[in-house]
Amino acid sequence: MATEGHAPTASEYVIHHLTHLNNTGHAQENIIDWSVINLDSMFYSVVIGALTVFLLWLAARKATSGVPGRFQGIVEILVDMVADQAKGIVHSAESRRFVAPLALTVFVWIFLMNAMDLLPVDLLPRIWEGMYAAGGGDPAHAYMRVVATADLSATLGMSTGVLLLCLYYNIKIKGVGGWVHELFTAPFGSHPLLYPINFAMQIIEFVAKTVSHGMRLFGNMYAGELIFILIALLGSTATVFGFLGHVIAGSIWAIFHILIITLQAFIFMMLTLVYVGQAHESH
Amino acid sequence: MNLNATLIAQLVVFFILAWFTMKFVWPPIVKALDERANKIADGLAAADKAKADLALAEKKVVEELRKARESAGDVRTSAEKQASQLIDEARAEAGRIIAAAREAAEHEAGAATQRAKEALRDQVAHLAVAGAEKILRREIDAKVHAKLLANLKQELQ
Chain A
1 MATEGHAPTA
11 SEYVIHHLTH
21 LNNTGHAQEN
31 IIDWSVINLD
41 SMFYSVVIGA
51 LTVFLLWLAA
61 RKATSGVPGR
71 FQGIVEILVD
81 MVADQAKGIV
91 HSAESRRFVA
101 PLALTVFVWI
111 FLMNAMDLLP
121 VDLLPRIWEG
131 MYAAGGGDPA
141 HAYMRVVATA
151 DLSATLGMST
161 GVLLLCLYYN
171 IKIKGVGGWV
181 HELFTAPFGS
191 HPLLYPINFA
201 MQIIEFVAKT
211 VSHGMRLFGN
221 MYAGELIFIL
231 IALLGSTATV
241 FGFLGHVIAG
251 SIWAIFHILI
261 ITLQAFIFMM
271 LTLVYVGQAH
281 ESH
Chain B
284 MNLNATLIAQ
294 LVVFFILAWF
304 TMKFVWPPIV
314 KALDERANKI
324 ADGLAAADKA
334 KADLALAEKK
344 VVEELRKARE
354 SAGDVRTSAE
364 KQASQLIDEA
374 RAEAGRIIAA
384 AREAAEHEAG
394 AATQRAKEAL
404 RDQVAHLAVA
414 GAEKILRREI
424 DAKVHAKLLA
434 NLKQELQ
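Protein sequence lines correspond, in order, to chains A and B. For the record, in the first sequence the residue sitting at position 51 is 51 according to my numbering, with numbers rising by one throughout. Here my numbering runs 283 ahead of the position in the second sequence, where the first position is 1.
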């Protein structure tokens, strides 16, 4: 983080922490650039995703109908919770065979990715800076963001996945003709004059759903991460006030954040189910 | 806050993870849950059945007890009846025996009296004859006077 000779200013510190490690080696310049990929987000989301399915598989491998252990118990509680929610929202047993496991994966995966926020903000980035410097690089360019859900690309990637699922189920359940008919006749009714308005409303609905789905998770996690960074800045003043402020505010925010990470994971899962469920319903 | 190819990669990872869960995680856990639910349902049904059986058995026990008590009462009544009958019979028998014994004794006594009377009469006749002999100072021919003696004997009766 620190360039040789002088400690980073508060602004440099924050910007450093909010810059992704990507394949270009420097911060992305354009708002949208499909040639860039965030290596840190991909690394953490893939590793945590693998951990998620490994943990779930560990429980599934030894699942018995006898007396469950504690680990099997917690996984069963999760499965039961997701299965109940899916049953109430998606009224198609066949679709649930894919959608319910998807919702479970999404919940645990996002929860664990969010939980990376609870690690000290400088822990993993500082280790990465050490490794980067040991490799001969400039630690000022050793960027690392550990919370993959605080990356807009990642959350919009997942919400786009949900959008694709919605489109798939719309066509599967209603047929291409039925769905196109619905696009032009709902929500205002079947009249040639209303066709363009209906279609525009439908497109806006799909875009709004997808963008808000991804943005909600991103916004919460990004804000949470930023506040942790600011609290860490408070501690970096190296005064009694800064130290106490860091300890007290950090504790309070971390405890409150436990609620947020769980809630956001749950909301993302529920909205996934709701949107897929809506794709099953004819207007 | 930029969009880039991470979006596409994350989308792919999203579906791979969901596919893995659908294939390897969800079915065994749901199967275990359903099996356990069935087991519990069976266990509850068995418990209910056992409870019903127990109630039935208790009812049966009460019924059997009542029957046993009833039959014991019957046995006692009939035994008492039999006993009193036996006592009655024994009493009647004893009465009969006593009566018979008394009768026999009376009969015996009557006969003895008769015999004694007859013996006495004989002796009196002999004494009378002997007395008369002495008075007459002569031998009385018993054979001659047998008729006389017999008459005398008759009169003494």
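Think of the CB as a built atom: it goes at the ideal place given N, C-alpha and C, for glycine as much as any other residue.
> Could one say the Cβ of B/LEU348 lies closer than 8 Å to chain A's Cβ atoms, at least one of them?
Replying inline: no
>> If I measure Cβ to Cβ from A/ILE32 and keep anything under 6 Å in the same chain, skipping five residues before and after, which residues do I get?
In response: none
>> Tell me the rounded alpha-carbon separation between B/LYS364 and B/ALA373.
In response: Cα-Cα distance, rounded: 14 Å.
> From what residue to what residue does the alpha helix (DSSP H) around A/PHE228 run?
Replying inline: 195 to 235
> Helix, strand or coil for A/GLY33 per DSSP?
Replying inline: Before going further, note that residue 33 of chain A is Asp rather than Gly in the sequence given. Note: A/ASP33 maps to strand in three-state DSSP.
> Taking 8 Å as the CB-CB cut-off, is A/MET1 touching chain B?
Replying inline: Low per-residue confidence applies at A/MET1: pLDDT is 41, beneath 50, and the placement is therefore not dependable, though the value from the model is reported in the following sentence. Not closer than 8 Å to any Cβ of chain B, the Cβ of A/MET1 fails to qualify, so no.
>> Please report the distance separating the alpha-carbon of A/GLY177 from that of B/MET305.
In response: Computed Cα separation, rounded: 30 Å.
>> For the alpha helix (DSSP H) containing B/GLY378, name the first residue and the last one.
In response: 309 to 419
>> List, in chain order, every chain B residue whose beta-carbon is nearer than 7 Å to that of A/ASN38.
In response: In chain order: ASN287 and THR289.
> In the DSSP assignment, what residue or residues form a beta bridge with A/ASN22?
Replying inline: A/ASN38
> Given that B/LEU327 touches chain A, what residues does it touch there, using C-beta distances under 9 Å?
Replying inline: Within 9 Å Cβ-Cβ: nothing; B/LEU327 doesn't reach chain A, min ~15 Å.
> From A/VAL90 to B/ASP336, what distance separates their C-alpha atoms?
Replying inline: 44 Å
> A/LEU56 and A/VAL75 look like a contact to me (Cβ under 8 Å); what is the Cβ gap, rounded to whole Å?
Replying inline: 6 Å
> For the putative contact between B/ALA328 and A/ALA63, defined by C-beta atoms under 8 Å, what is the C-beta separation to the nearest angstrom?
Replying inline: With a Cβ gap of about 24 Å, B/ALA328 and A/ALA63 do not count as contacting.
>> Distance cutoff 8 Å, beta carbons only. Does A/ARG97 sit that close to anything in chain B?
In response: yes
> Within 7 Å: the Cβ of A/ILE260 and any heavy atom of the ligand HEM?
Replying inline: Looking for the ligand HEM in the displayed structure turns up nothing, as the structure carries no ligands at all.
> Relative to chain A, which residues along the segment 308 to 332 of chain B have a C-beta separation below 7 Å, given in chain order?
Replying inline: VAL308, TRP309, PRO311, ILE312, VAL313, ALA315, LEU316, GLU318, ARG319 and LYS322
> Taking only beta-carbon atoms, is A/THR19 less than 8 Å away from chain D?
Replying inline: Although the question refers to chain D, the structure presented lacks it and instead comprises the protein chains A and B.
> Can you tell me whether A/THR237 is buried or exposed, with buried defined as 16 or more other CB within 10 angstroms of its CB?
Replying inline: exposed
>> Just verifying my parser: in three-state terms, what is the DSSP assignment at A/ILE267?
In response: In the structure shown, A/ILE267 sits in a helix (DSSP, three-state: H, G or I).
>> Three Cβ pairs or more, each shorter than 8 Å: is that satisfied between the segment 28 to 43 of chain A and the segment 255 to 272 of chain A?
In response: no
> Quick one: does B/PHE298 have its CB under 8 Å from some CB of chain A?
Replying inline: yes
> Between A/ILE173, A/VAL147 and A/VAL79, which lies nearest to A/LEU21 when the distance is taken from Cα to Cα?
Replying inline: When each option's Cα is compared against that of A/LEU21, the closest is A/VAL147.
>> Let's see if you can read the secondary structure: which residues bound the alpha helix (DSSP H) around A/ASN114?
In response: 93 to 115
> Counting contacts by CB-CB distance shorter than 8 Å, is A/TRP128 in contact with chain B?
Replying inline: no
> In whole angstroms, what is the alpha-carbon distance linking B/SER367 and B/ILE380?
Replying inline: 20 Å
> List, in order along the chain, the chain B residues whose C-beta lies closer than 9 Å to that of A/SER190?
Replying inline: Those do not exist, as A/SER190 stays about 35 Å from chain B at its closest Cβ, beyond 9 Å.
>> Using C-beta distances below 8 Å, list every residue in its chain close to A/GLN85, excluding the 5 sequence neighbours before and after it, in chain order.
In response: ALA103, MET269, MET270 and LEU273
> Any idea what DSSP makes of A/LEU273, helix, strand or coil?
Replying inline: DSSP places A/LEU273 in helix when its eight states are reduced to three.
> Using 8 Å as the limit for Cβ to Cβ distance, is B/LEU294 near chain A?
Replying inline: Closer than 8 Å to some Cβ of chain A, the Cβ of B/LEU294 qualifies, so yes.
>> Please tell me whether A/ILE261 and A/ASN23 are closer than 8 Å, where the distance is taken between their beta carbons.
In response: no
>> Using beta carbons (cut-off 8 Å, strictly below), is A/LEU112 in contact with chain B?
In response: no
> Any C-beta of chain A sitting closer than 8 Å to the C-beta of B/ALA338?
Replying inline: no
> To the nearest whole angstrom, what separates the beta carbons of A/PHE184 and A/ASN198, a pair I think is in contact under 8 Å?
Replying inline: 5 Å
> How many angstroms separate the CA atom of A/TYR13 from the CA atom of A/GLU225?
Replying inline: 13 Å
>> Cβ closer than 8 Å: which chain B residues qualify as neighbours of A/GLN28?
In response: Result: ASN285 and ASN287.
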